[in-house]
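The opening position of the sequence shown corresponds to residue 3 in our numbering, with each subsequent residue numbered one higher. Just so it is clear, CB atoms sit at the ideal spot from N, CA and C, and this is done for glycine as well. Structure first, commentary second.
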Amino acid sequence: MTKIIGLTGGIGSGKSTLAKYFNSKGIPVYISDYEARKITEYPEIIEQIKKLFGAEVTDGNILNRAKLAQLVFNDAEKLEQLNGIIHPEVKKDFQNWLKRHTHHAFVIKEAAVLFESGAYKECDSIITVIAPMQTRIDRVVKRDKISVAQVMERINNQWTDEERLSKSNFVIENDEIKHALRQTDEILKKLTIR
């Protein structure tokens with residue numbers, strides 16, 4: 003049976019970089035945020051979101067992600083409502099994806115909100131990526147071209163590193179990429195032995 007290894011970490015921790023590294027080693031990686039983004043392009047999902055948040059979150063039949071983000075990232079209740087639409091669809095999509103990868107000993111499920119969404123319950127082991135707070139903020143400001151305040155809003159809507167680590171089997175400290183890759187290789191050895 004194919005094992006599911008959860009890969010998570012706060013925004014800007016570097017989990018996407020490490021997901022690519024796992025994939026370069028021949029391990030199938032499911033990128034939850036990428037798949038969720040595709041799912042929010044489905045007309046029936048856009049319609050549900052529009053019903054919940056109003057027509058102002060769409061431009062015609064296209065979801066206006068910036069407007070939606072403004073609405074939900076400052077409001078935990080609205081974020082929970084949005085996640086109530088998206089997370090079940092991502093779960094179904096992941097199960098279909100997993101069926102195509104059953105010949106592998108394990109797969110990686112990368113998700114920023116692995117714990118918050120409840121998806122961790124499907125995982126056999128969990129890897130959490132951590133990085134110093136200032137490093138995370140700097141990475142996200144540069145990558146997403148948003149303000150420090152906007153980054154902090156997103157960070158505050160996620161579990162803390164301490165909360166994630168309390169439920170994790172492995173940790174990767176991503177303060178320097180070479181160090182993080184060495185840790186990743188060590189974890190790979192342990193997962194391969196299991």
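Residue i versus residue j: straight-line alpha-carbon distance, rounded
i      : j      : result
Leu20  : Leu73  : 30 Å
Gly62  : Gly28  : 41 Å
Ile33  : Leu100 : 12 Å
Ile7   : Asp126 : 6 Å
Asp147 : Met135 : Inspection of the sequence shows that residue 147 is occupied by Lys rather than by Asp. Rounded to whole angstroms, Lys147 to Met135 spans 17 Å at the Cα level.
Ile189 : Ile174 : 9 Å
Ile157 : Val115 : 11 Å
Ile48  : Ser18  : 26 Å
Phe117 : Ala57  : 31 Å
Glu124 : Phe96  : 11 Å
Proximal residues to residue i (C-beta, below 7 Å), its chain only, five neighbours per side dropped
i      : result
His89  : Ser119
Ile85  : First, the residue type needs correcting, since residue 85 is Asn and not Ile in the sequence shown. The residues are Ser119.
Asn197 : Given that the chain is displayed from residue 3 to residue 196, the structure contains no residue 197 and the question cannot be resolved.
Val92  : Ser34, Glu37, Ala38 and Ile41
Gln199 : The requested residue 199 is not part of the displayed model; the chain covers only 3 to 196.
Asn223 : Nothing about residue 223 can be read from this structure; the chain reaches only from 3 to 196.
Val2   : The requested residue 2 is not part of the displayed model; the chain covers only 3 to 196.
Beta-carbon proximity list for residue i, same chain, < 6 Å, skipping 5 on both sides
i      : result
Ser170 : Ile128 and Thr130
Asp163 : Ile132
Phe172 : Ile129 and Ile189
Three-state secondary structure assigned by DSSP to residue i
i      : result
Thr60  : strand
Gly2   : Residue 2 lies beyond the stretch modelled for the chain, which goes from 3 to 196, so this question has no answer here.
Tyr44  : coil
Glu49  : helix
Ile189 : helix
Glu155 : helix
Thr10  : strand
Val143 : helix
Thr130 : strand
Lys169 : coil
Val242 : Nothing about residue 242 can be reported from this structure: the residues present for the chain run from 3 to 196 only.
Neighbour-count burial assignment, residue i, 16 or more Cβ in a 10 Å radius
i      : result
Tyr122 : buried
Lys192 : exposed
Ser168 : exposed
Ala182 : buried
Val153 : buried
Asn98  : exposed
Arg166 : buried
Residues near residue i by beta carbon distance below 8 Å, same chain, minus five either side
i     : result
Glu46 : none
Inset, instruction - Would you check if the region 6-24 and the region 128-144 touch, i.e. whether three or more CB-CB distances between them fall below 8 Å? - result: yes
Legend entry - Cβ pair count under 8 Å reaching 3, the region 101-112 against the region 27-45: yes
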